[in-house]
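> Let me begin by handing over the structure; questions about it come next.
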Amino acid sequence: MKNWGFKIPDSRTLDLDKEDLKLYNKIVEKVPSARRCIMCGMCSATCSAANHTNFNFRLVHHKFRMGMFESLASELDKCMLCGKCRMLCPRGVNTRAVIYNMRIILDNMYYKNI
Ligand code: SF4
Ligand code: SF4
């Protein structure tokens with residue numbers, strides 16, 4: 020590995036290769052453009068729901084990818100599926116479809132658990 024003269028502490032390192040991406044890969048299967056997200060935040064800055072709530076697509080997308088599902092379902096309910104973010108995404112991510120599929124997967128998880 021190249022020596023850059025500094026090292027990021029392990030506690031602040033995210034290694035996606037170590038995450039269990041099984042559920043996230045289901046999203047990518049349905050919506051391949053999800054892979055193109057660079058977490059730039061353009062969608063969050065222009066989100067219709069964010070005008071009235073603290074909804075943040077970039078955050079929920081990141082949390083889902085990292086397997087942090089706690090309270091994500093109620094967070095996703097804030098999205099109105101209006102599609103504005105999709106039109107503005109510089110990477111052409113079908114954000115609306117990502118959110119829709121995240122909801123389906125979390126619903127299935129919930130109903131299987133009861
Ligand atoms: S605008 Fe597109 S690339 Fe940027 S965070 Fe949102 S989905 Fe990802
Ligand atoms: S589809 Fe959801 S995340 Fe995208 S702009 Fe509309 S309310 Fe916001």
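Those letters in the sequence shown? Residues 20 to 133, per my numbering, in order. C-beta: ideal position from N, C-alpha, C; glycine also. Bear in mind the structure is a predicted one, so any value in this text is a computation, not a measurement.
#1: Which whole runs of the alpha helix (DSSP H) in the stretch 43-129 are 4 residues long or more, in chain order?
#2: Compute every distance between the C-beta of phenylalanine 76 and the non-hydrogen atoms of ligand 2, then say whether any falls below 7 Å.
#3: Quick one, are the C-beta atoms of cysteine 101 and serine 67 less than 8 Å apart?
#4: Are the C-beta of proline 51 and some C-beta of chain B separated by less than 8 Å?
#5: On the three-state DSSP scale, how would you describe lysine 26?
#6: If we ignore side chains and look at the alpha-carbon of each, how far apart do tyrosine 119 and phenylalanine 74 end up?
#7: With three or more beta-carbon pairs closer than 8 Å as the criterion, would you say the stretch 39-57 touches the stretch 79-92?
#8: In three-state DSSP terms, what is lysine 41?
In terms of the structure at hand:
#1: When DSSP assignments are scanned along the stretch 43-129, the uninterrupted stretches of alpha helix (DSSP H) that are 4 or more residues long and fall wholly within it turn out to be 61-65, 76-84, 91-95 and 103-107.
#2: As a working note, residue 76 is residue 57 in the sequence shown. Correct: phenylalanine 76 has its Cβ closer than 7 Å to ligand 2.
#3: Numbered from its first residue, the sequence shown carries residue 101 at position 82. Numbered from its first residue, the sequence shown carries residue 67 at position 48. Taking 8 Å as the cut-off, the Cβ atoms of cysteine 101 and serine 67 count as close.
#4: Chain labels in this structure do not include chain B; a single protein chain is all it has.
#5: Within the sequence shown, numbered from 1, the residue matching residue 26 stands at position 7. In this structure, DSSP gives lysine 26 a state outside helix and strand, which the three-state scheme calls coil.
#6: The count along the sequence shown starts at 1 and reaches residue 119 at position 100. The count along the sequence shown starts at 1 and reaches residue 74 at position 55. Cα-Cα distance, rounded: 15 Å.
#7: Taking one beta carbon from each stretch, the stretch 39-57 and the stretch 79-92 have 3 or more pairs nearer than 8 Å; the two touch.
#8: On the sequence shown, position 22 is the one that residue 41 refers to. In the three-state scheme derived from DSSP, where H, G and I count as helix and E and B as strand, lysine 41 is classed as helix.
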